[in-house]
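Undergrad:
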Amino acid sequence: MRIGELAERTGVSVRSLRYYEQQGLLASDRTTGGHREYPERAVDRVIRIQELFAAGLNSKKIAAMLPCMRDVDGGPSEIATPRLVDDLTAERARIDRLITDLVRSRDVLDEVIDAASGRR
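So, in structure tokens, the structure goes:
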């Protein structure tokens, strides 16, 4: 499929798809006319990349991680290195800290809303 179709099917901009290629996250073949062509499995790959970005990982970490994941079901393969496991464990701890901070912020907002609305 061409880049426009991949963008449409995944909801990701053409510019982002080009960036993913530039960063080694996504691969395409070229037609004789120089157009990018992607296999069907690229849809799952792009969705996975988006999920990892949404989790706060940067492109370098995603590039290291993608070979250790199956695209179709997102499950792990067995080729993760101990260093990658350490890096991902640290990322998970960072996300846990963010969740804790967000819950604390939500609780403060709830208190302010209750006080302002006279529900105390």
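Note that my numbering has the sequence shown beginning at 112, numbered continuously upward. C-beta atoms are modelled at their ideal positions from N, C-alpha and C, and glycine is treated no differently.
Here's the rule: buried if 16 or more other CB atoms are within 10 angstroms of the residue's CB, otherwise exposed. What is residue 173?
TA: The residue is buried, with at least 16 neighbouring Cβ atoms inside 10 Å.
Undergrad: Can you give the beta carbon distance from residue 140 to residue 148, rounded, assuming they're within the 8 Å contact cut?
TA: Confirmed, Cβ separation roughly 5 Å.
Undergrad: Can you list, in chain order, the residues of its chain with a C-beta nearer than 7 Å to that of residue 153? Leave out the 5 residues immediately preceding and following it.
TA: 117, 137, listed in sequence order.
Undergrad: Drop a sphere of 10 angstroms on the beta-carbon of residue 160, count the other beta-carbons inside from all chains shown, and report buried for 16 or more, exposed for fewer.
TA: Buried, because 16 or more other Cβ atoms sit within 10 Å of the Cβ of residue 160.
Undergrad: With C-beta atoms as the reference, is residue 113 less than 8 Å away from residue 146?
TA: Cβ atoms of residue 113 and residue 146: closer than 8 Å.
Undergrad: Grouping DSSP H, G and I as helix and E and B as strand, with all else coil, what is residue 176?
TA: Reduced to three states, the DSSP call for residue 176 is helix.
Undergrad: Under the three-state reduction of DSSP, which class applies to residue 222: helix, strand or coil?
TA: Helix.
Undergrad: Among the candidates 142, 143, 156, whose CA atom is the shortest distance from the CA of residue 123?
TA: Of the candidates 142, 143, 156, the one whose C-alpha sits nearest the C-alpha of residue 123 is 156.
Undergrad: Could you give the DSSP three-state label for residue 189: helix, strand or coil?
TA: In the structure shown, residue 189 sits in coil (DSSP, three-state: anything other than H, G, I, E or B).
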